Amino acid sequence: RGQDVQVTLAKANGEEEEIDWLWQKCQDYSETGDPSVILLPNHKSVQRYITKIAEIENHDINDYSCERWGNNCYSTPNKQLSDASIPLQYLGNNYGSLEDSDDRPMTYVMTYHSSKGLDFNTVFLPCLNNSLEVLTSLFWFFLKLEDLIGSACPQPTVTLPSPNSYALKTGSPFLLAEPS
């Protein structure tokens, strides 16, 4: 069962600032055997974040296509990230491996849907803007989380299976904050 934690809310003035701050925090909290995770509502957001983080690290990753799966293929991006020694990996849909974090600090990027049943000590929920798509995805994520940990989640103090939980919203009134 997870523990009760106060979620840290963070504010960014734009997507670039949000992703820069998020990537720095992921690197600060990821440790060998204790990865962090970025949870996003859909594959479009996952791909945007992977591409932007690769750009921060001075690499170009933007091809997510393959003949078999269309536009949600992560074999090539995961290999490019690994080859560039960027500790980031898409995990889900038979891509990525939790075992990779056993040997080095790692941050995983996942959709809300793919995260069900997994446990991370540091969880980041970026992209919490006033989008019906994001709000709908979050609603279903919290319902799944409620099944997972057995408590109601959409409350001001959210019960998450993570001592370090961050919710980020670009352009919101929240302040950048460190965990207490």
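Everything in the sequence shown is counted per the working numbering, starting at 22 for the first residue and increasing by one. Glycine is no exception: its CB is placed at the ideal position from the N, C-alpha and C atoms. Remember, it's a predicted structure, so these values are computed and weren't measured experimentally.
Note on residue 47: 16 or more other CB atoms within 10 angstroms of its CB, so buried under the neighbour-count rule. In the DSSP secondary-structure assignment, residue 116 is bridged to 113.
Short of 7 Å from the beta carbon of residue 86, and not among the five residues preceding or following it, lie these beta carbons of its own chain, in chain order: 92, 94. Just so you know, the alpha carbons of residue 116 and residue 143 end up roughly 21 Å apart.
Each residue's CA atom was taken as its position, placing residue 122 and residue 76 some 22 Å apart. With a 10 Å radius around the Cβ and a threshold of 16 neighbouring Cβ atoms, residue 135 comes out buried.
Proximity to residue 61 across 138, 30, 112, 45 peaks at 112, based on C-alpha coordinates.
Under the three-state reduction of DSSP output, residue 97 falls in the helix class. If you draw a 10 Å sphere on the C-beta of residue 119, you find fewer than 16 other C-beta atoms in it, and that means exposed. Annotation: residue 31 to residue 50 spans about 16 Å, alpha carbon to alpha carbon. Excluding the 5 residues flanking it on each side, residue 72 has same chain C-beta neighbours closer than 7 Å at 82, 83, in chain order. Around the beta carbon of residue 79, a 10 Å sphere encloses fewer than 16 other beta carbons of the protein chains shown; the residue is thus reported as exposed. Residue 109 sits close to residue 128, with the two beta carbons spaced by under 7 Å. Note that the C-beta distance between residue 58 and residue 141 is below 7 Å.
In the three-state DSSP reduction, residue 129 falls in the strand class (E or B).
Taking a contact as a CB-CB distance under 8 Å, the pair residue 53 and residue 126 counts as one, their CB atoms being some 6 Å apart.
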